[in-house]
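Protein chains: 2
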Amino acid sequence: MPDHANPTACLLVIGNEVLSGRTQDANIKFLATRLGEIGIPLREVRVIPDIAETIVATVNEVRARFDHVFTTGGIGPTHDDITSECVAAAFGVPWEKHPEAWARLDRHYRPGEFNAARQRMATLPRGAELIDNPVSIAPGFTIGNVHVFAGVPRIMQAMFEVLAPKLAGGAPVLSRAVHTGEVPEGRLAEGLAAIQARHPDLDIGSYPYYRLTGNGVAIVAKGTDVAAAEAAIAEVAELMRACGGVPIAGEPAA
Amino acid sequence: MPDHANPTACLLVIGNEVLSGRTQDANIKFLATRLGEIGIPLREVRVIPDIAETIVATVNEVRARFDHVFTTGGIGPTHDDITSECVAAAFGVPWEKHPEAWARLDRHYRPGEFNAARQRMATLPRGAELIDNPVSIAPGFTIGNVHVFAGVPRIMQAMFEVLAPKLAGGAPVLSRAVHTGEVPEGRLAEGLAAIQARHPDLDIGSYPYYRLTGNGVAIVAKGTDVAAAEAAIAEVAELMRACGGVPIAGEPAA
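From first to last, the protein sequence lines are chains A and B.
Here my numbering is used: position 52 in the first sequence is 444, and no number is missing along the way.
Here my numbering is used: position 75 in the second sequence is 467, and no number is missing along the way.
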């Protein structure tokens with residue numbers, strides 16, 4: 393893997409709905425892409441259920457192993473929304489009324505509508521810093537190196553863009569790619585391994601594709617040194633030609 | 393969570409391409425759904441990179457904690473395909489030529505094309521049992537409670553359907569749902585918590601939705617006892633009515 397000098401990230405997707413197959417996750421790809429762009433590459437994702445002991449243990453394990461932990465899901469008003477109190481338990485701090493979050497939600501709801509369930513969304517781990525929610529008011533928060541987002545993609549994305557400028561990232565992780573429809577990856581493999589060995593700071597991946605317009609393989613080089621990625625991809629293109637293929641710059645059309 | 397008597401499953405998605413955001417995962421939802429149907433509910437997913445120490449350590453951790461572990465990705469012919477040798481290392485067995493896999497691939501390729509890179513796809517942990525690949529020949533395999541699939545969704549799905557009849561599942565996990573466009577979940581929350589408390593063997597989730605046709609909330613009850621799920625959802629519908637909403641059976645249209 394490249395970019396050893398960059399800070400690292402882990403994502404916890406919290407929610408039974410992904411584990412049951414009800415919901416197609418849409419947060420992993422967004423966060424993976426954006427975190428690479430700001431130089432905090434995503435190193436691991438865990439999808440875990442709405443079980444308090446599991447959430448607490450997992451938060452504590454991964455916050456010790458990664459520079460940043462992002463969580464999605466479980467910060468709404470219903471009984472299955474337990475992320476916030478579990479993060480408080482993981483940090484060993486009280487879970488208590490947050491005056492600013494409380495004031496924002498109290499203003500938002502009509503008189504009498506800021507009920508006990510909704511008040512849970514303004515109850516946060518002591519020491520939490522709010523992450524504004526430009527979509528639906530109820531904020532996310534940061535405590536230590538853990539950043540707690542909503543699970544609804546539109547809200548999660550808005551919260552991420554609020555937080556991102558405050559994160560000290562490293563060099564952006566960039567990629568260059570080339571593909572060919574005429575050479576199976578099994579024939580490129582030996583040459584690819586040699587190219588990867590010559591570029592240990594890059595992460596070179598080989599991804600077969602199956603399209604109505606034809607099958608083929610895309611080779612992607614990722615790293616923080618764009619010149620190195622371009623040089624490696626030029627070597628891959630040469631390898632494709634040597635194997636009788638026609639290299640085409642970039643990824644294949646979707 | 394319901395269905396304590398059922399065997400449990402963990403999925404390892406192995407591959408830098410999901411962690412970099414290049415690839416939208418399409419395997420979690422499929423396996424989550426099918427595993428629920430055969431009564432081996434998915435309890436955790438991890439997405440991990442193509443790093444040998446990470447794969448070995450993760451396989452060993454989760455195979456001790458779950459009844460079944462499924463892996464996707466990393467069994468092709470290229471340098472970044474290291475799942476098979478890592479599973480051998482995790483089990484502490486030799487990684488060696490598998491005669492039957494070797495024979496299948498040798499028959500499949502034209503003379504001289506079954507090269508060293510492709511021979512890696514016929515090199516498996518000692519004791520592995522093949523999982524047929526009806527799409528592209530190179531097999532997956534089972535060793536102990538670990539089932540190793542390809543990452544390409546079409547191939548992974550075919551391998552799963554080959555394996556599924558051999559797995560001893562529990563009672564299928566079923567779901568019933570009701571939704572309403574007129575009541576925000578914050579007003580249902582207190583009543584929902586009471587319904588969940590009355591049905592501890594069900595897993596009742598509250599999922600807001602945002603559609604061009606209108607916003608609302610879907611309530612889903614999951615478990616192995618369909619009569620209990622139907623009873624709980626009837627109580628939720630009554631709760632929706634009591635809050636001034638019109639309950640509509642099932643999930644909202646996509």
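Note that the Cβ used here is the ideal one computed from N, Cα and C, for glycine as well.
If you're wondering where the values come from, they're calculated on a predicted model, not measured in any experiment.
Cβ-based burial, D395(B) [other Cβ within 10 Å; buried from 16] = The count along the second sequence starts at 1 and reaches residue 395(B) at position 3. Confidence is the limiting factor: at D395(B) the pLDDT is only 48, short of 50, which leaves the residue's position unreliable and the question unanswerable from this model.
From A482(A) to V538(A), what distance separates their C-alpha atoms?
-> One-based indexing of the first sequence puts residue 482(A) at position 90. One-based indexing of the first sequence puts residue 538(A) at position 146. Between A482(A) and V538(A), the C-alpha separation is close to 11 Å.
Give the secondary structure of I467(B) by DSSP, where H, G and I count as helix, E and B as strand, and everything else as coil.
-> For the purposes of this step, residue 467(B) is taken as residue 75 along the second sequence, with counting starting at 1. In this structure, I467(B) counts as coil in the three-state DSSP scheme.
Using 10 angstroms around the beta-carbon of A397(A), count the other beta-carbons present and answer buried if the total reaches 16, otherwise exposed.
-> Start at 1 with the first residue of the first sequence, and residue 397(A) comes out as number 5. Label assigned to A397(A): exposed.
CB T616(B) to CB V565(B), shorter than 8 Å?
-> Here residue 616(B) corresponds to residue number 224 of the second sequence, with the count starting at 1. Here residue 565(B) corresponds to residue number 173 of the second sequence, with the count starting at 1. A contact, by the Cβ cut-off of 8 Å.
Starting from A417(A), find everything on chain B with Cβ-Cβ shorter than 8 Å and list it in chain order.
-> The residue given as residue 417(A) occupies position 25 in the first sequence. The sequence given here places Asp at residue 417(A); Ala does not occur at that position. Ordered by position in chain B, the residues that pass the 8 Å Cβ test against D417(A) are D417, I420 and K421.
Helix, strand or coil at P600(A) according to DSSP, with G and I counted as helix | Locating residue 600(A) in the first sequence gives position 208, where the first residue counts as 1. Note: P600(A) maps to strand in three-state DSSP.
Simplified DSSP state of E574(A), which is helix, strand or coil = The residue given as residue 574(A) occupies position 182 in the first sequence. Three-state DSSP puts E574(A) in coil, outside helix and strand.
Reference V451(A); option with closest CA among I535(A), Q416(A) and A514(A) = Taking the first sequence and counting its residues from 1, the one referred to as residue 451(A) is at position 59. Answer by Cα proximity: I535(A).
C-alpha distance - L559(B) paired with D473(A), whole-angstrom precision | The residue labelled residue 559(B) in the question sits at position 167 within the second sequence. The residue labelled residue 473(A) in the question sits at position 81 within the first sequence. When rounded, the distance between both Cα atoms is 33 Å.
Per-residue DSSP class, three states only, for R568(B) = The sequence position of residue 568(B) within the second sequence is 176, counting from 1. In this structure, R568(B) counts as strand in the three-state DSSP scheme.
Smallest Cα separation from E553(B): which of L403(B), V612(B) and I430(B)?
-> For the purposes of this step, residue 553(B) is taken as residue 161 along the second sequence, with counting starting at 1. Among L403(B), V612(B) and I430(B), the Cα nearest to that of E553(B) is on I430(B).
S598(B) versus chain A: which residues are under 9 Å apart at the beta carbon?
-> Position 206 of the second sequence, counted from the start, is the residue given in the question as residue 598(B). Correct list: G468, P469, T470, H471, D472 and D473.
Which term fits A589(A), buried or exposed, when burial requires 16 or more other beta carbons within 10 angstroms of its beta carbon?
-> Within the first sequence, residue 589(A) is the residue found at index 197, counting from 1. Classification of A589(A): exposed, given that the 10 Å Cβ count is below 16.
Starting from the beta carbon of P639(B), find every residue of chain A whose beta carbon is closer than 9 Å, and list them in chain order.
-> Mapped onto the second sequence, residue 639(B) falls at position 247. Those do not exist, as P639(B) stays about 16 Å from chain A at its closest Cβ, beyond 9 Å.
So, is K614(A) buried or exposed, given that buried needs 16 or more other C-beta atoms within 10 angstroms?
-> If you number the first sequence from 1, residue 614(A) lands on position 222. Looking at its Cβ environment, which holds 16 or more other Cβ atoms inside 10 Å, K614(A) is buried.
Count the CB pairs spanning the region 421 to 436 of chain A and the region 430 to 443 of chain B that are closer than 8 Å, and state whether there are at least three.
-> yes
Neighbour-count burial assignment, T572(B), 16 or more Cβ in a 10 Å radius = Locating residue 572(B) in the second sequence gives position 180, counting from the first residue. Buried, by the Cβ-count rule.
Report the neighbours of D459(A) on chain B: residues whose CB is nearer than 7 Å to its CB, in chain order.
-> Within the first sequence, residue 459(A) is the residue found at index 67, counting from 1. Simply none; closest approach about 15 Å.
Could you tell me which uninterrupted beta strand (DSSP E) segments, each at least 3 residues in length, are contained entirely in the region 436 to 484 of chain B, listed from first to last along the chain?
-> 460 to 464
Of all Cβ atoms in chain A, is any one closer than 8 Å to the Cβ of Q549(B)?
-> Taking the second sequence and counting its residues from 1, the one referred to as residue 549(B) is at position 157. It does not: the Cβ of Q549(B) has no partner Cβ on chain A nearer than 8 Å.
Entirely within the region 505 to 572 of chain A and at least 3 residues each: give me those beta strand (DSSP E) ranges in chain order.
-> 515 to 517, 521 to 525, 529 to 535, 538 to 541 and 566 to 572
Can you tell me the Cα-Cα spacing of E582(A) and D524(B), whole angstroms?
-> Translated into the one-based positions of the first sequence, residue 582(A) becomes position 190. Translated into the one-based positions of the second sequence, residue 524(B) becomes position 132. Those two C-alpha atoms are separated by around 26 Å.
Of all Cβ atoms in chain A, is any one closer than 8 Å to the Cβ of S412(B)?
-> On the second sequence, residue 412(B) is found 20 positions in, with the first residue counted as 1. It does: the Cβ of S412(B) has a partner Cβ on chain A nearer than 8 Å.
Is any beta-carbon of chain A found at less than 8 Å from that of T572(B)?
-> Translated into the one-based positions of the second sequence, residue 572(B) becomes position 180. With 8 Å as the cut-off, T572(B) does not count as an interface residue toward chain A.
Hey, does D395(A) have any beta-carbon neighbour from chain B nearer than 8 Å?
-> To locate residue 395(A), count along the first sequence from 1; it is residue 3. Bear in mind that a pLDDT of 48 at D395(A), under 50, signals an unreliable position, so the number given afterwards is only what the model happens to contain. It does not; no Cβ of chain B falls within 8 Å.
How about I420(B) and V454(A): are their beta carbons less than 8 Å apart?
-> For the purposes of this step, residue 420(B) is taken as residue 28 along the second sequence, with counting starting at 1. For the purposes of this step, residue 454(A) is taken as residue 62 along the first sequence, with counting starting at 1. It is not a contact, given that the beta carbons lie outside the stated cut-off.
In chain A, which residues lie with their C-beta within 9 Å of the C-beta of P531(B)?
-> Numbered from its first residue, the second sequence carries residue 531(B) at position 139. None at all; the shortest Cβ gap to chain A is about 15 Å.
Report yes or no: is there a C-beta of chain B within less than 8 Å of the C-beta of A629(A)?
-> Here residue 629(A) is taken as the residue at index 237 of the first sequence, counted from 1. With 8 Å as the cut-off, A629(A) does not count as an interface residue toward chain B.
Taking Cβ-Cβ distances shorter than 7 Å, what residues in chain A pair up with E436(B)?
-> Here the question's residue 436(B) lines up with position 44 in the second sequence. The answer, in chain order, is R438, V439 and I440.
Give a yes or no on whether 8 Å exceeds the smallest Cβ distance from V544(B) to chain A.
-> As a first step, residue 544(B) is located in the second sequence; it is residue number 152 there, counting from the start. Yes, because at least one Cβ of chain A sits closer than 8 Å to the Cβ of V544(B).
Determine the contact status of G465(A) and I547(A), defining contact as a CB-CB distance below 8 Å.
-> In the first sequence, counting from the first residue as 1, residue 465(A) sits at position 73. In the first sequence, counting from the first residue as 1, residue 547(A) sits at position 155. Going by C-beta atoms, G465(A) is not nearer than 8 Å to I547(A).
Where the alpha helix (DSSP H) through P488(B) begins and ends = As a position in the second sequence, residue 488(B) is number 96, starting the count at 1. According to the sequence displayed, residue 488(B) carries Glu and not Pro. Looking at the DSSP string, E488(B) is not in any alpha helix (DSSP H); the run it does join, the beta strand (DSSP E), is W487 to K489.
Pick helix, strand or coil for N398(A), following the three-state DSSP scheme.
-> Translated into the one-based positions of the first sequence, residue 398(A) becomes position 6. Looking at N398(A) - three-state DSSP - the assignment turns out to be coil, as it is neither helix nor strand.
Report all residues from its chain with a CB closer than 6 Å to the CB of N408(A); omit the five preceding and five following residues, and keep chain order.
-> Position 16 of the first sequence, counting from 1, holds the residue named residue 408(A). P441 and D442, listed in sequence order.
Check the Cβ-Cβ distances between V448(A) and every residue of chain B, and say whether any is below 8 Å.
-> Taking the first residue of the first sequence as position 1, residue 448(A) is located at position 56. Judged by the 8 Å Cβ criterion, V448(A) is not in contact with chain B.
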